[in-house]
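Undergrad: The sequence shown begins at 135 in my numbering and counts up one residue at a time. Think of the CB as a built atom: it goes at the ideal place given N, C-alpha and C, for glycine as much as any other residue.
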Amino acid sequence: MPQSLCNEPCAPGYRKAKIEGKPSCCYDCAKCADGEMSNTTDALDCLHCSEYEKSNKQRTGCVPKEINYLSYTDTLGASLTSIALVLFIAASVVLGIFVRYWETPIVRANNQHLSFLLLISLMLCFLCTLLFIGRPTQICCLLRQVTFGIVFTISVSSVLAKTLTVIIAFNATKPGSKLKKYVGTQLATILVIVCCLGEMMISAVWMASNPPFLDADTLIDINTVFLMCNEGSVLFFFSVIGYMTALALFSFIAAFLAKDFPDRFNEAKNITFSMLGFCSVWGAFVPAYLSSKGSRMVAVEIFAILSSSAGLLACIFVPKCYIIFFKPEQNRRRM
Numbered sequence: 135m136p137q138s139l140c141n142e143p144c145a146p147g148y149r150k151a152k153i154e155g156k157p158s159c160c161y162d163c164a165k166c167a168d169g170e171m172s173n174t175t176d177a178l179d180c181l182h183c184s185e186y187e188k189s190n191k192q193r194t195g196c197v198p199k200e201i202n203y204l205s206y207t208d209t210l211g212a213s214l215t216s217i218a219l220v221l222f223i224a225a226s227v228v229l230g231i232f233v234r235y236w237e238t239p240i241v242r243a244n245n246q247h248l249s250f251l252l253l254i255s256l257m258l259c260f261l262c263t264l265l266f267i268g269r270p271t272q273i274c275c276l277l278r279q280v281t282f283g284i285v286f287t288i289s290v291s292s293v294l295a296k297t298l299t300v301i302i303a304f305n306a307t308k309p310g311s312k313l314k315k316y317v318g319t320q321l322a323t324i325l326v327i328v329c330c331l332g333e334m335m336i337s338a339v340w341m342a343s344n345p346p347f348l349d350a351d352t353l354i355d356i357n358t359v360f361l362m363c364n365e366g367s368v369l370f371f372f373s374v375i376g377y378m379t380a381l382a383l384f385s386f387i388a389a390f391l392a393k394d395f396p397d398r399f400n401e402a403k404n405i406t407f408s409m410l411g412f413c414s415v416w417g418a419f420v421p422a423y424l425s426s427k428g429s430r431m432v433a434v435e436i437f438a439i440l441s442s443s444a445g446l447l448a449c450i451f452v453p454k455c456y457i458i459f460f461k462p463e464q465n466r467r468r469m
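1. Which of the three DSSP states is assigned to R149 in this structure?
2. Taking C-beta to C-beta, are T281 and C262 nearer than 7 Å?
3. Are A440 and A225 touching if we call contact CB-CB under 7 Å?
4. Note down, in chain order, each residue of its chain lying with its Cβ closer than 8 Å to the Cβ of E218, except the 5 sequence neighbours on either side.
5. Does any heavy atom of the ligand GTP sit closer than 6 Å to the C-beta of F347?
6. Need the endpoints of the beta strand (DSSP E) that C196 sits in, please.
7. Along the chain, where does the beta strand (DSSP E) that runs through A164 open and close?
8. Taking the continuous alpha helix (DSSP H) assigned at N404, which residues delimit it?
9. What is the DSSP secondary structure of S189, counted as helix, strand or coil?
10. Is the CB-CB distance between M409 and A444 below 7 Å?
11. My output table needs one value for L210: the three-state DSSP class, helix, strand or coil.
12. Three-state secondary structure (DSSP) at I302?
13. At the level of alpha carbons, what is the spacing between Q192 and A164?
14. Starting from the C-beta of E170, find all residues in its chain whose C-beta is less than 8 Å away, skip the five residues before and the five after it, and write them out in chain order.
15. Please state the DSSP three-state secondary structure of I439.
16. Please report how far the alpha carbon of L421 lies from the alpha carbon of E142, in whole angstroms.
17. Span of the alpha helix (DSSP H) holding C480?
18. Within 10 Å of its beta-carbon, does T482 have 16 or more other beta-carbons around it, so buried, or fewer, so exposed?
19. State the beta-bridge partners of N364 as determined by DSSP.
20. Beta-carbon separation of Q464 and I457 under 7 Å?
21. Check the DSSP bridge columns for N202 and list the partner residues they point to.
22. Quick one: is A350 near chain E, going by C-beta distance under 7 Å?
23. For the alpha helix (DSSP H) that Y456 lies in, which residues bound it at each end?
24. Could you check which residue in L277, S385 and S373 has the C-alpha nearest to that of L348?
25. To the nearest angstrom, how far is it from the Cα of Q320 to the Cα of F384?
26. Quick check: the region 287 to 300 against the region 351 to 358, are at least 3 beta-carbon pairs closer than 8 Å?
27. When DSSP builds the beta bridges, which residues end up paired with E142?
28. Report buried or exposed for L248, applying the criterion of at least 16 other Cβ atoms within 10 angstroms of its Cβ.
29. Taking only three categories from DSSP, how would you classify E463?
30. Please go through the same chain and pick out, in chain order, the residues whose beta-carbon is closer than 8 Å to the beta-carbon of I267, but skip the five residues on each side of it.
31. Do S337 and G283 have their beta-carbon atoms positioned less than 7 Å apart in this structure?
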């Protein structure tokens, strides 16, 4: 309880509080509230600290709030960084294996150039998560969503192109089929380019109309300033994710239709599982992202990128590597 005074002054960190029914010389000394201060004796009112400051323990001055963001030195940030680098190394190893066995049937099956492009894009997906970790800057805020969107679209469109390659190649063998002229890399390349152009158009309109920007959130914790990238337009942010998810759904449907084709190297089943996992991850991402705050929002998006990319790497390429090393008899040309 504050002490009643009639002649003792209120020390700094306190303010005068009038006592009803008492002379004006009698007052209580009320301590300034959190976020307020007084640095004079017998202060009539406490002064509010600025948005980016907090009061010290004595309430006699304002000090800068602690700045918080997903740092490389945090346990969470360091863990996500380690996972990203391990997955990048794993994708690099798989790429090296495919280069080493470039001329074998299992690598050449289902368009080896698309496999190469998919692996490169997955490696970039793992690396682009590093743009989300560390102290954010304006340039980083602009780059990370655009980079993520384009690189991820290359990955998903490559999977879609691989699936359509299987379907076209199978149907081209039927008598009288007009699909033979589409067999090859040209159609797949055009499809990947068109899909990427769609993503680039969305990103260009986003950056021109309401781009992401560096923001500081002081409402999550009154004693902390959370540095974060404000996405600018929530509509465009989820449009990017929705566009990639739509491509993944098309890939899933096409792969499901092609899963029973008789090709011994038909990877449609693997693509079906990878796209199912992809859609599940990003479907769960939306409510998890919207219910998170501060650095955990960033961590949720990083986890979604890493887990969906790892799913593509594991489902599509691990079975091929298994055959290369443990069942080499299946990786020989049939006479």
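TA: Short version:
1. Translated into positions along the sequence shown, residue 149 becomes position 15. R149 falls in the strand class under three-state DSSP.
2. Numbered from 1 along the sequence shown, position 147 holds the residue referred to as residue 281. Numbered from 1 along the sequence shown, position 128 holds the residue referred to as residue 262. The answer is yes: Cβ separation under 7 Å.
3. Residue numbering aside, residue 440 sits at position 306 when the sequence shown is read from its first letter. Residue numbering aside, residue 225 sits at position 91 when the sequence shown is read from its first letter. Sequence inspection shows Leu at residue 440; the Ala mentioned does not correspond to that position. No, the pair does not count as a contact, with Cβ atoms beyond the cut-off.
4. Looking up residue 218 in the sequence shown gives position 84. Before going further, note that residue 218 is Ala rather than Glu in the sequence given. Cβ neighbours of A218 beyond the five flanking positions: F260, L261, T263, L264, I436 and L440.
5. Inclusion of the ligand GTP in the displayed structure is not the case, the ligand content being empty and no account of it being possible.
6. On the sequence shown, position 62 is the one that residue 196 refers to. Per DSSP, C196 belongs to the beta strand (DSSP E) from C196 to P198.
7. As a working mapping, residue 164 is identified with position 30 in the sequence shown. Element bounds for A164: Y161 to K165.
8. Taking the first residue of the sequence shown as 1, we reach residue 404 at position 270. That run of the alpha helix (DSSP H) goes A402 to L424.
9. For the purposes of this step, residue 189 is taken as the residue at position 55 of the sequence shown. DSSP places S189 in strand when its eight states are reduced to three.
10. Here residue 409 refers to the residue found at position 275 of the sequence shown. Here residue 444 refers to the residue found at position 310 of the sequence shown. Contact flag unset, no.
11. By 1-based counting over the sequence shown, the position of residue 210 is 76. Of the three classes helix, strand and coil, the one that applies to L210 here is helix, per DSSP.
12. Taking the sequence shown and counting its residues from 1, one reaches residue 302 at position 168. Of the three classes helix, strand and coil, the one that applies to I302 here is helix, per DSSP.
13. As a working mapping, residue 192 is identified with position 58 in the sequence shown. As a working mapping, residue 164 is identified with position 30 in the sequence shown. Q192 and A164: Cα-Cα distance of roughly 13 Å.
14. Taking the sequence shown and counting its residues from 1, one reaches residue 170 at position 36. Closer than 8 Å at the Cβ level, and outside the excluded window around E170, lie C180, L181, H182, C183, S189 and R193.
15. Counting from one through the sequence shown, the residue named residue 439 turns up at place 305. In this structure, I439 counts as helix in the three-state DSSP scheme.
16. Residue numbering aside, residue 421 sits at position 287 when the sequence shown is read from its first letter. Residue numbering aside, residue 142 sits at position 8 when the sequence shown is read from its first letter. Here residue 421 is Pro; the residue named in the question, Leu, does not match the sequence. If you take the alpha carbons of P421 and E142, they lie about 57 Å apart.
17. Shown here, the chain extends from 135 to 469; a query on residue 480 therefore has no answer.
18. With the chain running from 135 to 469 in the structure shown, residue 482 is simply not present.
19. Position 230 of the sequence shown, counted from the first residue, corresponds to residue 364. F347.
20. Along the sequence shown, read from residue 1 onward, the residue named residue 464 stands at position 330. Along the sequence shown, read from residue 1 onward, the residue named residue 457 stands at position 323. Result yes, Cβ atoms of Q464 and I457 sit closer than 7 Å.
21. For the purposes of this step, residue 202 is taken as the residue at position 68 of the sequence shown. DSSP, once it has assigned bridges, lists F360 as partnering N202.
22. The displayed structure is made up of one protein chain only, and chain E is not part of it.
23. Residue mapping note: residue 456 aligns to position 322 of the sequence shown, counting from 1. V452 to F460 is the extent of the alpha helix (DSSP H) around Y456.
24. Indexing the sequence shown from 1 puts residue 348 at position 214. Residue L277 is the option with its Cα nearest to L348.
25. Taking the sequence shown and counting its residues from 1, one reaches residue 320 at position 186. Taking the sequence shown and counting its residues from 1, one reaches residue 384 at position 250. Spanning the two alpha carbons is a distance of roughly 20 Å.
26. no
27. Here residue 142 refers to the residue found at position 8 when the sequence shown is read from its first residue. None; E142 has no bridge partner.
28. Stepping through the sequence shown from its first residue, residue 248 is reached at position 114. Answer is buried; the Cβ neighbour count reaches 16.
29. Counted from its first residue, the sequence shown places residue 463 at position 329. DSSP places E463 in helix when its eight states are reduced to three.
30. Taking the sequence shown and counting its residues from 1, the one referred to as residue 267 is at position 133. Within the same chain, I267 has close Cβ partners L204, S205, Y206, G211, L214, T215, V432 and I436.
31. For the purposes of this step, residue 283 is identified with residue 149 of the sequence shown, where counting begins at 1. For the purposes of this step, residue 337 is identified with residue 203 of the sequence shown, where counting begins at 1. Yes, Cβ-Cβ distance for G283 and S337 is below 7 Å.
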